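Numbering (the numbering used here), first residue to last: 110 to 439. Every residue, glycine too, gets a C-beta built ideally from N, C-alpha and C. Values in this document were obtained by computation on a predicted structure and should not be read as measured data. Structure first, then comments.
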Amino acid sequence: MSLSEKAYYSYIKTLINKKDKELINSFLPHLDDIISKHLEYNWLPYFKGKLLIATSSDIEIIKQTLFPFIRQKSNEFWAWSLLSEIYKDDDECAISFLCKALTCNSKDEFLVKVRQTLANLLIKKSLFAQAKCEINKIIETKKANDQQVPYEIQSFTSEKWYNETELMQNNSKFYSNNSEIAEDLVYEDLAKKHVGIIEFINKEKGIAYFLIDKQIKGNFKLKRFKLRFRVADIYEFKIQEQDGENEKFYKVLSIKETTNKTNPEMIREFNGTLNLNGKNFGFIDNVFISPDLIANEKLIENKLIKGIAINSFDKKKNKYGWRAIKILEK
Numbered sequence: 110m111s112l113s114e115k116a117y118y119s120y121i122k123t124l125i126n127k128k129d130k131e132l133i134n135s136f137l138p139h140l141d142d143i144i145s146k147h148l149e150y151n152w153l154p155y156f157k158g159k160l161l162i163a164t165s166s167d168i169e170i171i172k173q174t175l176f177p178f179i180r181q182k183s184n185e186f187w188a189w190s191l192l193s194e195i196y197k198d199d200d201e202c203a204i205s206f207l208c209k210a211l212t213c214n215s216k217d218e219f220l221v222k223v224r225q226t227l228a229n230l231l232i233k234k235s236l237f238a239q240a241k242c243e244i245n246k247i248i249e250t251k252k253a254n255d256q257q258v259p260y261e262i263q264s265f266t267s268e269k270w271y272n273e274t275e276l277m278q279n280n281s282k283f284y285s286n287n288s289e290i291a292e293d294l295v296y297e298d299l300a301k302k303h304v305g306i307i308e309f310i311n312k313e314k315g316i317a318y319f320l321i322d323k324q325i326k327g328n329f330k331l332k333r334f335k336l337r338f339r340v341a342d343i344y345e346f347k348i349q350e351q352d353g354e355n356e357k358f359y360k361v362l363s364i365k366e367t368t369n370k371t372n373p374e375m376i377r378e379f380n381g382t383l384n385l386n387g388k389n390f391g392f393i394d395n396v397f398i399s400p401d402l403i404a405n406e407k408l409i410e411n412k413l414i415k416g417i418a419i420n421s422f423d424k425k426k427n428k429y430g431w432r433a434i435k436i437l438e439k
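Have a look at this one:
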């Protein structure tokens, strides 16, 4: 790091500590000029975000500065923790950013402040089991490093709720379940809108599967969205492409009802008589009717049937073909 870069960071930290809004606002245009001329000063957007948080209540301006930077540092706990400061007046969002921070791979001694902030929010929301887990983790970390336990954390251990709450082994599942709001907010502007169809719902697992076209398909947890989903219903999906371990996948950020139509190459209505050919599956107008659909709908051979089919990939035949997903009339 060059001397000039160190000097800038040192000065910005002084401004943040002083909390002098007039001085910070006068410096921000100069900082923008430095950022544009010195792209190698990787941390300037981060510190600009800190300055904006200290002086501005306009979340959109802060997001425009910080979100691209955070996406570059998405594996760092402090990046997500910083964003919790933006949403300090929104407990649900703040909790989500702190949970996302705690999913990052980092040493426990670096996470004490994150856990302490989260514990306070969890207590406020009466999520005592999760709060006790964070408090105990802080105590454990401090003792392991021969450090003093923060007074606030120590005081929690004498409170009634703490002593009446059973200790959980960890909060890993809680972090995972509550990180999605943070992820959706940070990646929202990269998402694209598509009209698609619900092709299957696994009620036991609480998962719905959607289809946009031959390239774009995926699934989402039903509890994430306050809609009553049914097979063959059409929605507008806001999705973002992400890299998985072996292939790309599509994360659903939002879903809303729509009157628009889906790709006609992927969905169509069919009608005709069912031909079983002596087997437990059949065909209607070149549309495959699965054994499950036949059993669930009590379909009878040679009866006139109307339904909805999707263009589905058959792994056994290694090609696309029409498959019924819903019966409309029988």
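Taking 7 Å as the limit between beta carbons, can you name the residues of its chain near residue i, skipping five residues before and five after?
i	result
Ile195	Ile162, Ile168, Ile171
Asn287	Ile204, Ser205, Cys208
Glu114	Tyr150
Lys332	Gly315
Trp270	Phe237
Gly440	The displayed coordinates of the chain run from 110 to 439. Any statement about residue 440 would go beyond what the structure contains.
Ala240	Ala228, Leu231, Ile232
Using C-beta distances below 8 Å, list every residue in its chain close to residue i, excluding the 5 sequence neighbours before and after it, in chain order.
i	result
Lys234	Asp200, Ile204
Glu289	Ser205, Arg333
Phe106	Residue coverage of the chain in this structure runs from 110 to 439, which leaves residue 106 outside it and unanswerable.
To the nearest whole angstrom, what separates the beta carbons of residue i and residue j, a pair I think is in contact under 8 Å?
i	j	result
Pro400	Asn389	4 Å
Phe219	Ile244	No, Phe219 and Ile244 are not in contact; Cβ-Cβ is about 17 Å, not under 8 Å.
Ile307	Val340	6 Å
Leu137	Leu160	6 Å
Thr371	Gly305	6 Å
Trp187	Ala291	Trp187 to Ala291, Cβ: 14 Å. No contact.
Ile436	Ala418	Actually they do not touch by this definition, with Cβ atoms about 10 Å apart.
Val221	Leu211	Contact flag wrong, Cβ pair sits at about 11 Å.
Note the first and the last residue of the continuous beta strand (DSSP E) segment covering residue i.
i	result
Gly430	428–438
Thr382	376–382
Tyr318	316–320
Glu366	357–366
Quick one: give me the first and last residue of the alpha helix (DSSP H) that residue i is part of.
i	result
Tyr285	The amino acid occupying residue 285 in the given sequence is Ser; Tyr does not appear at that position. Per DSSP, Ser285 belongs to the alpha helix (DSSP H) from 281–286.
Ala418	Taken as a continuous stretch (DSSP letters only), Ala418 belongs to no alpha helix (DSSP H), being part of the beta strand (DSSP E) at 413–423.
Tyr344	Taken as a continuous stretch (DSSP letters only), Tyr344 belongs to no alpha helix (DSSP H), being part of the beta strand (DSSP E) at 343–352.
Lys302	Where Lys302 is concerned, there is no enclosing alpha helix (DSSP H), although the beta strand (DSSP E) it sits in stretches over 301–311.
Ile290	289–296
Phe178	168–181
Lys122	112–127
Ile398	It is not in any alpha helix (DSSP H) - Ile398 instead sits in the beta strand (DSSP E) that spans 396–398.
Tell me which residues share the same chain as residue i and place their Cβ nearer than 6 Å to its Cβ, disregarding the 5 neighbours each side in the sequence.
i	result
Ser193	Ala203, Phe206, Leu207
Gly391	Leu383, Asn384, Leu385, Ile398
Leu299	Gln349
Met277	Ala238, Cys242
- Does the stretch 378–396 come close enough to the stretch 329–346 to have 3 or more Cβ pairs within less than 8 Å? no
- Message: Closer than 8 Å is the cut-off here; do at least three beta carbon pairs connect the stretch 276–285 with the stretch 310–324?
- Response: no
- Do three or more CB pairs link the stretch 151–160 to the stretch 174–181 at distances below 8 Å? yes
- Do three or more CB pairs link the stretch 327–336 to the stretch 354–363 at distances below 8 Å? The stretch 327–336 makes contact with the stretch 354–363; the number of CB pairs closer than 8 Å reaches 3 or more.
- Message: Extract the residue ranges of the alpha helix (DSSP H) inside the stretch 183–239, only unbroken runs of 4 or more that lie entirely within it.
- Response: 186–195, 200–212, 221–233
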